[in-house]
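Chains as they are written, first to last, in my numbering: chain A, 16 to 208; chain B, 10 to 435.
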């Protein structure tokens, strides 16, 4: 390595160090507010619209086809399956729903039931605070089994969480620079020059 | 030779001890010894307090730099977090491995901490606030700080753990390597000031009726104290000193001894509780030491940048001392912040890169600098030509750095995939 190369390397190292310092100092809160941390129990967390929280169940829409029960891949902790439906056959030989259970002790939030449901009775929800404190300190797993009324009261997600909407709603401080796709025709602007 | 004759010439602590000794019917020498002892105890307490909040500042600063908040919950903005951590460490069980060399295992952290603490004997905070103004102060600090390596190797060996041993040997190689450029770089200001004593070194920058730099051009009485700080005449030396100091005390990016993400915890892997706390304390005390040394040697110590002598001359003495102390604290905090921001900015170097930097870059540079500075001082060339020479070389190197042709390996453009299709183009 010649002396000139060595000096170049040294100068480049110093400049790089300075650039590194410039980049980290740019983030310091005194100059710019770029905080990403949410002090969760104190502040409120805004979940993204595609968040997979507790399910929402609308009993009035349910036609008791039991597809969700068949789609569910996990057995429950207390119940036989994670989703259980109970019904009776009413007048006009129509099935009528009695009770609908989801066992959150075993539910893995795979949302296969949501996809299976033909009438949108099962909807994605945004509630993630499923851990409970028992006022009598009796740790009872049956408290993890949610019934129909509880599930109806869960907050609904903002939307189904497609790719498009996820990018629309996720808060971003700075837009990513997306490179133009190579080898495609430029999008016509409609103006002729 | 009695103790007070050796060290206690103008020390504020000795004066305090003499005054206190008057109430206890002590003679002058014993009173001064009492004062120095008090000073040492206060220095210990101050180090502990400062180190506690240095850790807090490190966590806060690096947190901000990474878009986090740092400690927030214990006390306002986490101010009580590090005292709580220290209390937790003190109350933990101190485990000694069965196969460890018990006596050495216990002694090692004490050696490391004492080596870190001893440097504060001769460090002045204001022109009179020091325990002992040794006439070999710079050499003393350099010598004492290399005792650390004995404690580290001892701890690594006594742990009877191969990882601790490997790390201890890494540390020995590193500290011994960087001791040389550290001392050589410290010699630059020492040669210009013509003294090893810190107090004379800081005062000497403006001793002969001020303004050595402009004075060499025939300009007298200009209120530019900062031009006489040694960073102006020795900028390259300043950079070398900072790098060597950081490397000698295992500060990131030179912390391969205890690289958290590579080896488990370094030489103190088997240590817990109070002994671990001593290692930790010593590490941050060393960081504080190099910050203080940088301020003393290169940044003019307690001097205000503009018209220091005139400003302080108009104040009563206690106010002047407080003023000087405040300036010193601000400067030290600035250097500490700089060192901490390197921690967030730079990746860790490899072992071979570390050795290359020490032996092939820093030692040649500091040696040449030593020869040149010595030549300039001996030939009586005005200070301003030395400063100009240094800045021209530094500027030239930086200019060459900007002209570096980047190879393929150096290009770090992030690769982002093609845009997702968003429906038919209109």
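Note that CB positions come from ideal geometry on N, CA and C, so glycine has one too.
With distances taken between CB atoms, is the gap from residue i to residue j smaller than 8 Å?
i: residue 166/A; j: residue 70/A; result: yes
i: residue 164/B; j: residue 117/B; result: yes
i: residue 48/B; j: residue 40/B; result: no
i: residue 438/B; j: residue 330/B; result: Because chain B in this structure spans residues 10 to 435, residue 438/B falls outside the shown range and cannot be described.
i: residue 156/A; j: residue 120/A; result: yes
i: residue 79/B; j: residue 68/B; result: yes
i: residue 448/B; j: residue 23/A; result: Any question about residue 448/B goes unanswered here, given that chain B covers just 10 to 435.
i: residue 146/B; j: residue 239/B; result: no
i: residue 65/B; j: residue 85/B; result: no
i: residue 113/A; j: residue 76/A; result: no
i: residue 93/A; j: residue 38/A; result: no
i: residue 76/B; j: residue 42/A; result: yes
i: residue 187/B; j: residue 256/B; result: yes
i: residue 276/B; j: residue 176/B; result: yes
i: residue 445/B; j: residue 392/B; result: Outside the shown range of chain B, which is 10 to 435, sits residue 445/B, and nothing can be said about it.
i: residue 43/B; j: residue 29/B; result: yes
i: residue 312/B; j: residue 336/B; result: yes
i: residue 72/A; j: residue 137/A; result: yes
i: residue 70/B; j: residue 375/B; result: no
i: residue 234/B; j: residue 317/B; result: yes
i: residue 223/B; j: residue 236/B; result: yes
i: residue 245/B; j: residue 371/B; result: no
i: residue 117/A; j: residue 98/A; result: yes
i: residue 254/B; j: residue 299/B; result: yes
i: residue 180/B; j: residue 278/B; result: no
i: residue 140/B; j: residue 52/B; result: yes
i: residue 163/A; j: residue 63/A; result: no
i: residue 268/B; j: residue 35/A; result: no
i: residue 438/B; j: residue 185/B; result: Since the first residue of chain B shown is 10 and the last is 435, residue 438/B is not available in this structure.
i: residue 121/B; j: residue 160/B; result: yes
i: residue 132/A; j: residue 100/A; result: no
i: residue 99/B; j: residue 286/B; result: yes
So residue i is in the beta strand (DSSP E); what residue range does that whole segment cover?
i: residue 59/B; result: Where residue 59/B is concerned, there is no enclosing beta strand (DSSP E), although the alpha helix (DSSP H) it sits in stretches over 37–74.
i: residue 187/B; result: Careful: residue 187/B lies outside any beta strand (DSSP E), inside the alpha helix (DSSP H) at 171–202.
i: residue 401/B; result: Counting along the chain, residue 401/B falls outside any beta strand (DSSP E), though it belongs to the alpha helix (DSSP H) covering 392–411.
i: residue 104/A; result: 98–104
So residue i and residue j are supposed to be a Cβ contact under 8 Å. How far apart are they, rounded?
i: residue 20/B; j: residue 94/B; result: 34 Å between Cβ atoms; not a contact.
i: residue 80/A; j: residue 128/A; result: With 8 Å as the limit, residue 80/A and residue 128/A do not qualify as a contact, their Cβ atoms being about 11 Å apart.
i: residue 63/B; j: residue 308/B; result: Contact doesn't hold; Cβ gap of about 18 Å is too wide.
i: residue 406/B; j: residue 25/A; result: 6 Å
i: residue 54/A; j: residue 81/B; result: 6 Å
i: residue 95/A; j: residue 102/A; result: Not a contact, Cβ separation roughly 16 Å.
i: residue 315/B; j: residue 332/B; result: About 13 Å; that fails the 8 Å criterion.
i: residue 410/B; j: residue 27/A; result: 4 Å
What residue range is occupied by the uninterrupted alpha helix (DSSP H) comprising residue i?
i: residue 24/A; result: 18–41
i: residue 365/B; result: 360–365
i: residue 385/B; result: 372–388
i: residue 113/A; result: First-last for residue 113/A: 110–118, but that is the beta strand (DSSP E), not the alpha helix (DSSP H).
i: residue 241/B; result: 239–242
i: residue 111/B; result: 111–127
i: residue 314/B; result: From DSSP, residue 314/B is part of no alpha helix (DSSP H); its letter is neither H nor E.
i: residue 282/B; result: 282–307
i: residue 69/A; result: That residue, residue 69/A, is in no alpha helix (DSSP H); it is neither H nor E in DSSP.
i: residue 131/B; result: Here residue 131/B belongs to no alpha helix (DSSP H), and DSSP marks it neither H nor E.
i: residue 58/A; result: It is not in any alpha helix (DSSP H) - residue 58/A carries neither H nor E in the DSSP assignment.
i: residue 107/A; result: Counting along the chain, residue 107/A falls outside any alpha helix (DSSP H), and DSSP gives it neither H nor E.
i: residue 162/B; result: 157–167
Of all the residues that make up the segment 350–363 of chain B, which are near chain A by a beta-carbon distance shorter than 7 Å?
-> Correct list: 350, 353, 354 and 355.
Determine contact between the segment 377–394 of chain B and the segment 286–302 of chain B, defined as no fewer than three beta-carbon pairs at a distance below 8 Å.
-> The segment 377–394 of chain B is not in contact with the segment 286–302 of chain B.
Contact the segment 122–131 of chain B vs the segment 185–196 of chain B: 3+ CB pairs below 8 Å = In short, these stretches do not touch, since the Cβ pair count stays below three.
Contact between the segment 340–347 of chain B and the segment 295–307 of chain B: three or more CB pairs below 8 Å?
-> Contact check between the segment 340–347 of chain B and the segment 295–307 of chain B: three or more CB pairs, one atom from each, fall below 8 Å, which counts as touching.
With 8 Å as the C-beta to C-beta threshold (strictly closer), list the residues of the segment 66–81 of chain B near chain A in chain order.
-> Flagged, chain order: 70, 73, 74, 75, 76, 77, 78 and 81.
Relative to chain A, which residues along the segment 387–408 of chain B have a C-beta separation below 8 Å, given in chain order?
-> Across the segment 387–408 of chain B, CB contacts with chain A closer than 8 Å involve 405, 406, 407 and 408, in sequence order along the chain.
May I ask you to list, following chain order, the residues of the segment 29–40 of chain A that have a beta carbon less than 8 Å from some beta carbon of chain B?
-> Within the segment 29–40 of chain A, the qualifying residues are 29, 30, 32, 35, 36, 38, 39 and 40.
The segment 257–267 of chain B contacting the segment 393–411 of chain B, beta-carbon criterion three pairs below 8 Å | For the pair of segments examined, the segment 257–267 of chain B was found not to touch the segment 393–411 of chain B: the number of CB pairs separated by less than 8 Å stays below three.
On the three-pair Cβ rule with 8 Å, is the segment 103–110 of chain B touching the segment 279–287 of chain B?
-> Judged by Cβ distances under 8 Å, the segment 103–110 of chain B makes contact with the segment 279–287 of chain B, as three or more pairs qualify.
Check each residue of the segment 51–73 of chain A: if its Cβ is closer than 7 Å to any Cβ of chain B, include it; give the result in chain order.
-> From the segment 51–73 of chain A, only 51, 52 and 54 have a Cβ closer than 7 Å to chain B.
Select from the segment 330–346 of chain B all residues with a C-beta closer than 9 Å to any C-beta belonging to chain A, and list them in chain order.
-> Residues are counted here when their Cβ sits less than 9 Å from a Cβ of chain A; for the segment 330–346 of chain B the count is zero.
For the segment 178–212 of chain B, which residues have a beta carbon sitting closer than 9 Å to at least one beta carbon of chain A?
-> From the segment 178–212 of chain B, no residue has a Cβ closer than 9 Å to chain A.
Scan the segment 253–286 of chain B for residues whose Cβ lies nearer than 7 Å to a Cβ of chain A and list them as they occur along the chain.
-> Taking 7 Å as the Cβ-Cβ cut-off against chain A, none of the residues of the segment 253–286 of chain B qualify.
Members of the segment 83–100 of chain A near chain B, C-beta cut-off 9 Å | Result list empty, no residue passes.
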